[in-house]
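Sequence order for the protein chains is A and B. Be aware that the first sequence starts at 5, since it is given in the working numbering, and climbs by one per residue. Be aware that the second sequence starts at 11, since it is given in the working numbering, and climbs by one per residue. Quick reminder that beta carbons are idealized off the backbone N, C-alpha and C, glycines included. In what follows, a structure is listed as structure tokens, so that the remarks can point back to it.
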Amino acid sequence: MIIIGEKINGAIPKTAEAILNKDEGYIRELALKQAEFGANYIDVCAGTDPSIEVETLKWLIDIVQDSVETPICIDSSDVDIILELLPYVKKPGMINSVSEEYGKCDRLMPKAADTPWKIIALTCDNNGISLDSQVKVKIGEVIMEKAKKYGIDEDRIYIDPLVTTLSTTENAIASFVETMAGIREKYPRVHFTSGLSNISFGMPFRSAVNRSFLTLAMNAGMDSAIMDPLSPDMRATLYATEALLGQDRHCRRFLNAFRKGVIGPKK
Amino acid sequence: MADVLAIKQAVGDLDEGSVTEKLNAFIASGPGEDEVQAVVAACQQGMEIVGEKFGEGEYFVGDLIFAGELLTDCIDMLKPLLGGEVGGSRGTIVLGTVEGDIHDIGKNIFRSMSEAAGFHVVDLGIDQPPSAFVAAVEEHKPQIVGMSGVLTLSIDSMKRTVEALQEKGLRGGVKVAIGGNAVSQESCQYIGADAWSKNAAESVKTCGGWV
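Below is the structure:
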């Protein structure tokens with residue numbers, strides 16, 4: 005599993021407060037902790053007014069780069085801002101995200117093609133987010149064909165099938181699974197990721213829903229997640245599921261994580 | 011000269027990357043045969059650390075299985091330097107899960123560890139009656155008989171097996187080690203075995219002391 009740590013995001017109230025107060029220590033701690041607890045990438049999202057988004061992202065990137073070796077996942081809905089910041093980041097990471105909205109793929113992909121950056125692509129277009137998995141599969145195919153056209157290897161694309169909220173759509177996971185299967189059929193090496201906490205929006209005891217979703221989605225082939233690596237329950241579910249799926253020889257990663265206190269009761 | 015203590019510790023820590031790195035550096039230094047034997051012994055001694063950590067609850071079954079593989083890999087890396095032979099065989103062990111019991115995880119861990127430690131192991135498999143142990147001892151003339159069992163009833167099977175060896179006059183020629191969740195100091199005496207352990211790595215160490 006490729007874990008993208010979601011904590012440094014201005015949409016989270018505490019992080020927004022730290023950004024507002026220029027609380028470098030708080031951001032640094034988030035970077036260090038997420039790296040320590042297994043994040044493969046650290047998402048950085050300003051969540052501020054567009055007029056100060058670039059400077060805010062630069063400030064966040066500076067802190068993360070100074071704290072950890074873990075590569076950054078640049079998170080902005082504005083592909084121009086992402087492109088402007090690519091050269092600013094020392095170690096190529098992930099772009100979050102493109103979609104079929106507003107020609108984002110055609111604007112970003114040609115410029116990112118010759119870099120090692122990986123790209124998260126959402127299965128939505130100018131009509132928004134469809135509830136129909138067939139529509140999502142078609143959008144996924146359009147994105148993958150564009151990647152191919154611009155010379156971006158399948159393996160560099162992380163499709164986010166945009167899971168809908170369970171409280172409003174009871175077949176949310178069925179649709180998520182169908183979308184992955186439909187796209188993977190044609191593009192076997194593409195990756196799938198998800199900002200998975202969307203699934204539990206509007207429900208109580210969200211962590212239970214998130215954990216079960218993680219297990220079911222991994223079983224259906226999701227091999228990445230944008231999640232909170234600081235949640236002990238999520239980590240435990242992640243390691244246990246990897247072991248159960250036969251992705252962890254002799255359960256060694258599970259055992260090592262247990263010994264280090266990454267999962268299990270506090271020592 | 012290789013840092014044998016560091017190699018032993020790295021094996022004990024199951025730090026595969028560090029073990030491989032250290033052994034590669036050692037091999038590249040063009041060591042003499044005595045040095046290679048010392049490093050083989052260090053790797054085997056690393057299993058003692060593994061056994062201790064398992065006993066303390068720090069390691070689990072998956073770690074033991076991995077430890078056996080790691081040790082086998084180490085020996086495979088070092089073998090070519092010794093013309094393919096690691097100090098010859100340290101002896102033969104006839105091994106099996108006793109009659110009425112079909113558990114084999116512990117037995118298999120013991121087998122891979124004792125093989126990596128230089129023993130020749132004749133593994134009879136699971137649910138083996140006393141007659142099968144007797145026949146194998148007559149055929150293979152081992153120094154050691156290893157019996158494994160998890161179920162309580164396996165204690166009586168082990169006792170019958172030792173009695174069968176005695177009747178054939180074979181008991182005096184072998185050491186008997188028992189292992190598995192069913193065994194204890196009391197059952198060891200009741201059975202008439204020489205050593206017992208719930209810990210495969212510890213049993214391998216005991217066997218090493220016998221030959």
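Within chain A, partners of residue i - CB distance below 7 angstroms
i        : result
Ile75(B) : His254
Gly72(B) : His254, Cys255, Arg256, Leu259
Reduced DSSP category for residue i - H, G, I as helix; E, B as strand; rest coil
i         : result
Ile31(A)  : helix
Asp79(A)  : strand
Lys11(A)  : strand
Ile59(B)  : helix
Trp220(B) : helix
Gly116(B) : helix
Lys108(A) : helix
Ile103(B) : strand
Asp25(B)  : coil
Trp63(A)  : helix
Tyr200(B) : helix
Thr52(A)  : coil
Ile16(A)  : coil
Ser207(B) : strand
Asp252(A) : coil
Asp137(B) : coil
Gly144(A) : helix
Thr172(A) : coil
Phe180(A) : helix
Asn214(A) : helix
Ile286(A) : Past the edges of chain A, shown from 5 to 271, lies residue 286(A), and the structure says nothing about it.
Thr162(B) : coil
Listed by chain order, chain A residues near residue i by CB distance under 8 angstroms
i         : result
Glu68(B)  : Arg263
Gly116(B) : Simply none; closest approach about 15 angstroms.
Within-8 angstroms CB hit, residue i to chain A
i         : result
Gly22(B)  : no
Gly56(B)  : no
Gly183(B) : no
Nearest-angstrom beta carbon gap, residue j and residue i [assumed within contact, 8 angstroms]
i         : j         : result
Leu166(A) : Thr197(A) : That pair is no contact at about 11 angstroms.
Val184(B) : Gln153(B) : 6 angstroms
Leu24(B)  : Val50(B)  : Not a contact, Cβ separation roughly 18 angstroms.
Ile124(A) : Ser101(A) : 4 angstroms
Tyr162(A) : His195(A) : 4 angstroms
Leu175(B) : Val132(B) : About 15 angstroms; that fails the 8 angstroms criterion.
Ala43(A)  : Pro233(A) : 5 angstroms
Ile46(A)  : Ile99(A)  : Contact flag wrong, Cβ pair sits at about 14 angstroms.
Gly116(B) : Ile59(B)  : Actually they do not touch by this definition, with Cβ atoms about 19 angstroms apart.
Ile56(A)  : Cys109(A) : Their Cβ separation, rounded to whole angstroms, is 27 angstroms, which puts Ile56(A) and Cys109(A) out of contact at 8 angstroms.
Phe120(B) : Ser158(B) : 7 angstroms
Cys84(B)  : Val29(B)  : 6 angstroms
Leu92(B)  : Cys53(B)  : Rounded, the Cβ-Cβ distance is 13 angstroms, inconsistent with contact.
Cβ-based burial, residue i [other Cβ within 10 Å; buried from 16]
i         : result
Thr172(A) : exposed
Lys151(B) : exposed
Ala22(A)  : buried
Met207(A) : exposed
Leu64(A)  : buried
Leu249(A) : exposed
Pro17(A)  : exposed
Phe217(A) : buried
Ser194(B) : exposed
Lys215(B) : buried
Lys264(A) : exposed
Pro192(A) : exposed
Asn130(A) : exposed
Gln199(B) : exposed
Glu66(B)  : exposed
Asp111(B) : buried
Glu10(A)  : buried
Leu24(A)  : exposed
Contact set between residue i and chain D, taken where Cβ atoms lie within less than 9 angstroms
i        : result
Gly40(B) : Protein chains A and B are contained in the structure displayed, whereas chain D is not.
Beta carbon proximity, residue i to chain B, threshold 8 angstroms
i        : result
Leu61(A) : no
Cβ-heavy atom distance, residue i to the ligand MG, below 7 angstroms
i         : result
Ala247(A) : Of the ligands one can find in the structure shown there are none, so the ligand MG has no counterpart to examine.
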